[in-house]
Amino acid sequence: MVDSPIDAPEAISYLQRAGTRRDQARQLITDLQTRGKEALPTFIWCLRETGQNDLAALLGEGCSQPQLRPVNIEPIVIHSYAGRVDEGIRTSEYLPSPAQERFREPIREITATQGSVAERDARNHDMVYAVKSDPCGYCLIINNVNFTKESGHAARIGSDVDCQRLERRFRRFRFEVLTRRDLRAQEIAQELQSLARRDHGSLDCCVVVILSHGCQTSHIQFPGGIYGADGMPIAVEKIVSYFNGSNCPCLRGKPKLFFIQACGGKQMDRGFEVDSEPSVDQRHESTLDSDASPFQIPAGDPDEPDAVASLPTPSDILVSYSTFPGFVSWRDKQSGSWYVETLDQILDQFAHSEDLLTMLLRVANAVSAKGKYKQMPGCFNFLRKRFLFMTE
Numbered sequence: 001m002v003d004s005p006i007d008a009p010e011a012i013s014y015l016q017r018a019g020t021r022r023d024q025a026r027q028l029i030t031d032l033q034t035r036g037k038e039a040l041p042t043f044i045w046c047l048r049e050t051g052q053n054d055l056a057a058l059l060g061e062g063c064s065q066p067q068l069r070p071v072n073i074e075p076i077v078i079h080s081y082a083g084r085v086d087e088g089i090r091t092s093e094y095l096p097s098p099a100q101e102r103f104r105e106p107i108r109e110i111t112a113t114q115g116s117v118a119e120r121d122a123r124n125h126d127m128v129y130a131v132k133s134d135p136c137g138y139c140l141i142i143n144n145v146n147f148t149k150e151s152g153h154a155a156r157i158g159s160d161v162d163c164q165r166l167e168r169r170f171r172r173f174r175f176e177v178l179t180r181r182d183l184r185a186q187e188i189a190q191e192l193q194s195l196a197r198r199d200h201g202s203l204d205c206c207v208v209v210i211l212s213h214g215c216q217t218s219h220i221q222f223p224g225g226i227y228g229a230d231g232m233p234i235a236v237e238k239i240v241s242y243f244n245g246s247n248c249p250c251l252r253g254k255p256k257l258f259f260i261q262a263c264g265g266k267q268m269d270r271g272f273e274v275d276s277e278p279s280v281d282q283r284h285e286s287t288l289d290s291d292a293s294p295f296q297i298p299a300g301d302p303d304e305p306d307a308v309a310s311l312p313t314p315s316d317i318l319v320s321y322s323t324f325p326g327f328v329s330w331r332d333k334q335s336g337s338w339y340v341e342t343l344d345q346i347l348d349q350f351a352h353s354e355d356l357l358t359m360l361l362r363v364a365n366a367v368s369a370k371g372k373y374k375q376m377p378g379c380f381n382f383l384r385k386r387f388l389f390m391t392e
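Just so it is clear: in the sequence shown, position 7 is 7 by the UniProt record's numbering, and no numbers are missing.
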């Protein structure tokens with residue numbers, strides 16, 4: 001198993017922290033189902049190699065699937081009849097007669113109209129999530145500021161500013177805000193599971209915000225990981241999975257929004273030159289900090305970086321990252337992170353008239369113009385409809 005694609009030492013250590021033997025077994029099966037199509041067959045092969053044939057046979061039932069034959073797609077010839085009236089095609093047959101032209105209804109000009117979110121919701125109810133309950137949902141904010149000495153991570157100075165901003169913002173959007181601080185990785189998992197087990201039946205959506213150091217992790221669909229206060233990582237993929245349709249039935253069909261302020265890696269982006277106006281926001285570099293795992297910064301450079309995360313893709317889920325996977329995310333020690341500060345400003349200005357995806361484009365555009373080092377926010381969007389916050 002050590003030589004197989006499964007990272008045995010890390011996996012064993014992770015499983016041992018899952019709790020009882022029953023919990024460890026359940027966690028093992030969950031991990032095998034979410035580590036790609038080769039994980040389970042590889043594990044079964046390991047069981048056979050170690051003489052555990054009965055268990056291998058039990059797990060191997062229904063493992064193989066018949067391969068589908070590829071569809072035989074053949075090109076078709078599309079004849080061009082442009083200018084070939086002599087071959088029996090008369091263009092006059094496809095033009096309206098003078099009588100038809102005279103009675104044709106005029107084409108009405110479609111113009112953009114101003115209106116409130118409620119009016120637009122009424123016009124486009126099939127393509128807009130219903131967000132009408134008060135409170136409209138829970139908003140869990142996990143704010144990791146201080147880390148254990150053994151973790152090797154520095155305190156995230158300025159993160160409390162981010163947390164206070166988002167608490168105020170989501171309360172204005174009629175969310176019931178739950179704030180947790182300095183949680184270890186296992187405590188983060190417990191809080192998320194506790195939130196997923198709550199009764200969301202009368203609510204319309206759910207929001208999870210995580211402010212912490214971050215890292216790159218192996219993943220299937222959503223990249224990145226978040227560090228607990230003890231320095232142990234938890235994959236964003238796993239974070240999101242607690243709220244999918246299987247694990248949280250009462251949120252099926254309802255939007256689940258995740259906002260991750262953390263680093264996606266250690267690369268620092270200096271950007272490239274463009275023929276446009278200079279960056280409008282040049283912060284004093286001595287106040288910048290980051291949420292990346294420790295690494296050597298060039299001598300004389302006072303800047304430090306921040307992180308990202310990711311997971312599988314059920315419907316009605318959006319994960320917004322503060323930075324592109326693999327790169328750092330910047331945080332000002334006095335005014336908070338670039339991403340959260342900009343997100344709060346954009347929500348304040350445009351939430352009454354724009355949907356979430358449009359506003360996240362504005363956030364990406366604004367953050368990408370900041371500072372000496374560059375940062376590019378992005379999102380993994382699996383929403384089926386437009387999402388509008390309740391602002392009235």
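Glycine included, every Cβ here is placed at the ideal spot set by N, Cα and C.
Q: Using the Cα positions of residue 396 and His153, report the straight-line distance between them to the nearest angstrom.
A: Residue 396 lies beyond the stretch modelled for the chain, which goes from 1 to 392, so this question has no answer here.
(Q) Tell me the residue span of the beta strand (DSSP E) that contains Glu176. (A) Here residue 176 is taken as the residue at index 176 of the sequence shown, counted from 1. Here the beta strand (DSSP E) through Glu176 covers 175 to 181.
Q: Put Pro233 into one of helix, strand or coil per three-state DSSP.
A: Position 233 of the sequence shown holds residue 233. Here Pro233 sits in strand by DSSP.
**Q.** the region 196 to 210 contacting the region 126 to 133, beta-carbon criterion three pairs below 8 Å
**A.** yes
Q) Exposed or buried, which one is Met55 when buried takes at least 16 other CB atoms within 10 Å? A) On the sequence shown, position 55 is the one that residue 55 refers to. The residue asked about is misnamed: residue 55 is Leu in this sequence, not Met. Counting Cβ neighbours within 10 Å, Leu55 comes out exposed, since fewer than 16 surround it.
Q | Length-filtered (3 minimum) beta strand (DSSP E) runs lying within the UniProt domain "Caspase family p20" (135 to 267) | A | 137 to 143, 175 to 181, 205 to 211, 225 to 227, 233 to 235, 256 to 261
Q: Just tell me which of Leu257, Asn365, Ala351, Val367 has its CA closest to the CA of Phe382.
A: Looking up residue 382 in the sequence shown gives position 382. Among Leu257, Asn365, Ala351, Val367, the Cα nearest to that of Phe382 is on Leu257.
**Q.** Whole-angstrom C-beta distance between Asp316 and Gly253, which should lie under 8 Å
**A.** By one-based count along the sequence shown, residue 253 stands at place 253. By one-based count along the sequence shown, residue 316 stands at place 316. Between Asp316 and Gly253 the Cβ distance is about 6 Å, and since that is below 8 Å, they are a contact.
Q | 8 Å contact criterion, which Asn146 and Ser212 should meet: CB distance rounded | A | Locating residue 146 in the sequence shown gives position 146, where the first residue counts as 1. Locating residue 212 in the sequence shown gives position 212, where the first residue counts as 1. Contact doesn't hold; Cβ gap of about 11 Å is too wide.
Q) Does the beta-carbon of Gly19 have 16 or more other beta-carbons within 10 angstroms, so that it is buried, or is it exposed? A) What you label residue 19 is simply residue 19 of the sequence shown in a count that begins at 1. That one is exposed.
Q. Which term fits Ile260, buried or exposed, when burial requires 16 or more other beta carbons within 10 angstroms of its beta carbon?
A. In the sequence shown, counting from the first residue as 1, residue 260 sits at position 260. The residue in question, Ile260, is buried, as its Cβ has 16 or more Cβ neighbours within 10 Å.
Q) In whole angstroms, what is the alpha-carbon distance linking Tyr242 and Val208? A) Residue mapping note: residue 242 aligns to position 242 of the sequence shown, counting from 1. Residue mapping note: residue 208 aligns to position 208 of the sequence shown, counting from 1. If you take the alpha carbons of Tyr242 and Val208, they lie about 11 Å apart.
Q) Count the other CB atoms within 10 Å of the CB of Ser246; is the residue buried (16 or more) or exposed (fewer)? A) As a working mapping, residue 246 is identified with position 246 in the sequence shown. Exposed, because fewer than 16 other Cβ atoms sit within 10 Å of the Cβ of Ser246.
Q. Name the DSSP beta bridge partners of Phe382, please?
A. One-based indexing of the sequence shown puts residue 382 at position 382. Ile317.
Q: Could you round the C-beta distance between Met232 and Arg198 to whole angstroms and report it? I think they count as a contact, below 8 Å.
A: Locating residue 232 in the sequence shown gives position 232, counting from the first residue. Locating residue 198 in the sequence shown gives position 198, counting from the first residue. Wrong, their Cβ atoms sit about 25 Å apart, outside the cutoff.
Q: Quick one: grab the DSSP three-state call for Gly51.
A: Here residue 51 refers to the residue found at position 51 when the sequence shown is read from its first residue. Note: Gly51 maps to coil in three-state DSSP.
Q. Which residues in the same chain have their Cβ closer than 7 Å to the Cβ of Thr179, if we skip the five residues on either side of it in sequence?
A. Numbered from its first residue, the sequence shown carries residue 179 at position 179. Ile141, Asn143, Cys163, Glu167, listed in sequence order.
Q) When burial is assigned at 16 or more other CB atoms within 10 Å of the CB, is Pro223 buried or exposed? A) Mapped onto the sequence shown, residue 223 falls at position 223. Per the 10 Å Cβ criterion, buried.
Q.
For Met359, report the span of its alpha helix (DSSP H) as first-last.
A. Residue mapping note: residue 359 aligns to position 359 of the sequence shown, counting from 1. From DSSP, the alpha helix (DSSP H) with Met359 extends over 356 to 367.
Q: Would you list the residues sitting across from Asp348 in a DSSP beta bridge?
A: In the sequence shown, the residue the question calls residue 348 occupies position 348. Answer is none; Asp348 lacks a bridge partner.
Q. Between the beta-carbon of Arg158 and the beta-carbon of Lys333, is there less than 7 Å?
A. Within the sequence shown, numbered from 1, the residue matching residue 158 stands at position 158. Within the sequence shown, numbered from 1, the residue matching residue 333 stands at position 333. It should be noted that the sequence gives Gly, not Arg, for residue 158. Their beta carbons are under 7 Å apart, which means Gly158 touches Lys333 by this criterion.
**Q.** CA nearest to the CA of Leu32, picked from Pro249, Leu356, Thr358, Ile220
**A.** For the purposes of this step, residue 32 is taken as residue 32 along the sequence shown, with counting starting at 1. Closest option to Leu32, Cα to Cα, is Ile220.
Q) By how many angstroms is the C-alpha of Leu388 removed from the C-alpha of Glu354? A) Working through the sequence shown from its first residue, we reach residue 354 at position 354. Working through the sequence shown from its first residue, we reach residue 388 at position 388. Approximately 7 Å, taken between the alpha carbons.
(Q) Quick check on this structure: which residue in Asp348, Ala366, Leu357 has the alpha carbon closest to the alpha carbon of Tyr339? (A) Taking the sequence shown and counting its residues from 1, the one referred to as residue 339 is at position 339. Comparing Cα-Cα distances from Tyr339 to each of Asp348, Ala366, Leu357, the minimum goes to Ala366.
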